[in-house]
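Numbering (the numbering used here), first residue to last: 3 to 378.
All residues carry an ideal CB built from backbone N, CA and C; glycine is no exception.
Remarks on the structure that follows.
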Amino acid sequence: MWRLSRLSRQIDWVLLLPAVIMAAAGLVTMNSFVAPSYFFSRQLIWLALALITCLGLSFTDPRFLRRSGIVVLVYTILFVFLAALLLFGHAIKGAKGWFSLGFFSFQPADFMKLSLILILAKYFSRRHIEIAHFQHIFVSGLYALLPLVLILFQPDFGSAVIIFIIWLGMIMASGVSKRHLLLVAGVALLALGVLWFAVFTGNQKDRIISFVHPLADIQGAGYNAFQSTIAVGSGQLMGKGVGFGTQSRLRFLPEYQTDFIFAAFAEEWGFIGVIILFVLFGIIIWRIIRTAMLGATNFEALFGVGLAIFFMSHFVVNVGMNIGLLPVTGLTLPFTSYGGSHLLTEFIGLGILMGMRQYSRASHRDDIHNEFLGGV
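Written out as structure tokens, the structure reads:
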């Protein structure tokens, strides 16, 4: 009985179960049902590993993450991995975003997003009283800029956008002044101009142009987005049925197991299935924010906010590009798309958050005054 009680207390089932159901929906969507599926079998292994890691972290005392040395060490290691990608990375469709180790590939950018959340949560939690000083926007921006530049050189425009959104969302949550925020917006517009003329590849420019004029080149740059909108629309109210999605099963829809799994899901499950998917994701975000509001210290609260921003930005961008409202950026749908790195990163984030629940503000109010020593 004691073990069952502790298990129930440590694991937030309201948070975990919707994530598992979304992962299961992704598995069903990528399964061929007529022959052994490469994507299904490998994703099943990754999901098992992610769940074990998540549950293990939920029983771990996460307060060691408040120490500056820990978060800086993790950030530095992942930064070195990102830099090494430019020399030793495995190129897929022109992007060096993966280390290929034979039986599996490792994408450091996914883990860097979580590391950035941790280091920004630590930085802002130590400086919430003096956050109005512009120097803190500059320093925190540097933490985001360093990996962002390396990710752009891969090139991986989608992950770079998420890095920027995480940073922008967290500085807004930390209480930055509106005047400084306008200055940041001006710098962002300037940076976008520099990126367009000096950094973006021809392929990335084509994707953005195809977003503005999606039907201008449906056989070229706009083909994926065009096929995706067809798949979503053909699902109608009830969908074509699991395993009967013609756009994905007949390969008219490229990358249906990763970038366009939302379109493949919508085609087979229809509008009703999409609503259920949105409700499940909404429960996850609500639970993350609720846990963040009960954080024992500002660090836990900011980590929860950053995690919610991470998930929401991935979800919005992926769904937006699947229905033709946003450019195709290659971002995954949380918990649903094929890929071990992103799935492991997402469940690690949930595991850390569940571990923080045992030191929530409701049961440990005194901890709000006990930040660990050291600053980032």
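- For V318, the enclosing alpha helix (DSSP H) has its first and last residue at 300-324.
- For M358, the CB contacts under 8 angstroms within the same chain, skipping 5 residues up- and downstream, are P64, T293, G297, A298, E302, F305, G306 in chain order.
- Look at S339 here: in three-state DSSP terms it is coil, with no helix or strand label.
- By the criterion of a C-beta distance shorter than 7 angstroms, I119 is surrounded in its chain by I168, F305, G308, L309, F312, once the five residues flanking it on both sides are discounted.
- Here the alpha carbons of L154 and A200 stand approximately 11 angstroms from one another.
- G71 counts as exposed, since fewer than 16 other C-beta atoms from the protein chains shown sit within 10 angstroms of its C-beta.
- Apart from sequence neighbours up to five positions away, the residues of its chain that approach T55 with a beta-carbon distance below 8 angstroms are L346, F349, I350, G353, ordered along the chain.
- The Cβ-Cβ distance between P256 and T203 does not fall below 9 angstroms.
- Relative to the Cα of I287, the nearest Cα in the group G188, L17, L152 belongs to L17.
- About 7 angstroms separates the beta carbon of F273 from that of G237, a gap short enough to meet the 8 angstroms contact definition.
- Collapsing the DSSP output to three states places S107 in a strand.
- Taking F61 as the centre and dropping the five residues before and after it, the same chain places the C-beta of Q12, G357 closer than 8 angstroms to its C-beta, in chain order.
- For I291, the CB contacts under 6 angstroms within the same chain, skipping 5 residues up- and downstream, are A310 in chain order.
- Within the same chain, Cβ atoms closer than 8 angstroms to the Cβ of F267 are found at A27, G28, T31, G275, V276, L279, T338, the five residues on either side in sequence being excluded.
- Short of 8 angstroms from the beta carbon of G243, and not among the five residues preceding or following it, lie these beta carbons of its own chain, in chain order: E270.
- Boundaries cannot be given for T331, as no alpha helix (DSSP H) includes it and DSSP labels it neither H nor E.
- Between I121 and Y77, the gap from beta carbon to beta carbon is short of 9 angstroms.
- Sorting F159, L89, V186, M314 by C-alpha distance to the C-alpha of V330 places F159 at the top.
- In its chain, beyond the 5 residues on either side, L282, I285, I286 have a beta carbon closer than 6 angstroms to the beta carbon of P20.
- When the beta-carbon positions are compared, Y340 and Q45 come within less than 9 angstroms of each other.
- Straight through space, the alpha carbons of L170 and L147 are spaced by roughly 12 angstroms.
- Annotation: the continuous alpha helix (DSSP H) that includes A50 extends over 40-60.
- Spanning the alpha carbons of F228 and L327 requires a straight line of approximately 11 angstroms.
- For T293, the enclosing alpha helix (DSSP H) begins and ends at 263-295.
- R128 and A162 have their alpha carbons spaced roughly 26 angstroms apart.
- In this structure, the beta-carbon distance from I164 to V321 does not fall below 9 angstroms.
- Taking all protein chains shown into account, L333 has 16 or more neighbouring C-beta atoms within 10 Å of its C-beta and is therefore buried.
- Of the residues assessed, A50 falls on the exposed side of the cut-off, its CB having fewer than 16 other CB atoms within 10 angstroms.
- Residues of the same chain with a CB within less than 7 angstroms of the CB of A52, apart from the 5 flanking positions on each side, are L345, L346, F349 in chain order.
- Scanning A187, Q259, N324 for the CA closest to the CA of S43 turns up Q259.
- For the set S315, M323, L184, the Cα lying nearest the Cα of I263 is the one of M323.
- Here K242 carries a coil assignment [DSSP, helix/strand/coil].
- DSSP, read as helix, strand or coil, puts F155 in coil.
- G188 and F113 have their alpha carbons spaced roughly 29 angstroms apart.
- DSSP places S70 in the uninterrupted alpha helix (DSSP H) bounded by 70-90.
- In this chain, the alpha helix (DSSP H) harbouring P20 covers 15-32.
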